[in-house]
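Below is one structure, written out as structure tokens; comments come after it.
In the numbering used here, the protein residues as written are 13 to 75.
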């Protein structure tokens, strides 16, 4: 059980990395690349499950 927080932290970091790269691509007007990166970030965020604020129906990535 002690490893679960470490796994969640790693997923959060990976989600953040893809999201940051997506934002950078978007700022540079590389919209196709940004979309790909945002979709990968969303898939990483979904690993947290439906109760996580990132992926819940009220979460910022699902609206």
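Note that the Cβ used here is the ideal one computed from N, Cα and C, for glycine as well. The structure displayed is predicted, hence computed values, not measured ones.
{"Asked": "Exposed or buried, which one is residue 43 when buried takes at least 16 other CB atoms within 10 Å?", "Found": "exposed"}
{"Asked": "Spatial neighbours of residue 34 within its chain, please: CB distance less than 7 Å, with the 5 preceding and 5 following residues excluded, ordered by chain position.", "Found": "46, 49, 50 and 53"}
{"Asked": "In whole angstroms, what separates the C-alpha of residue 14 from that of residue 41?", "Found": "Because the pLDDT at residue 14 is just 46, under 50, the model does not fix this residue reliably, and the point stays unresolved."}
{"Asked": "On the CB-based measure, 16 or more other CB atoms within 10 Å of its CB, does residue 36 come out buried or exposed?", "Found": "exposed"}
{"Asked": "Report the rounded CA-to-CA distance for residue 60 versus residue 32, giving the unit in angstroms.", "Found": "18 Å"}
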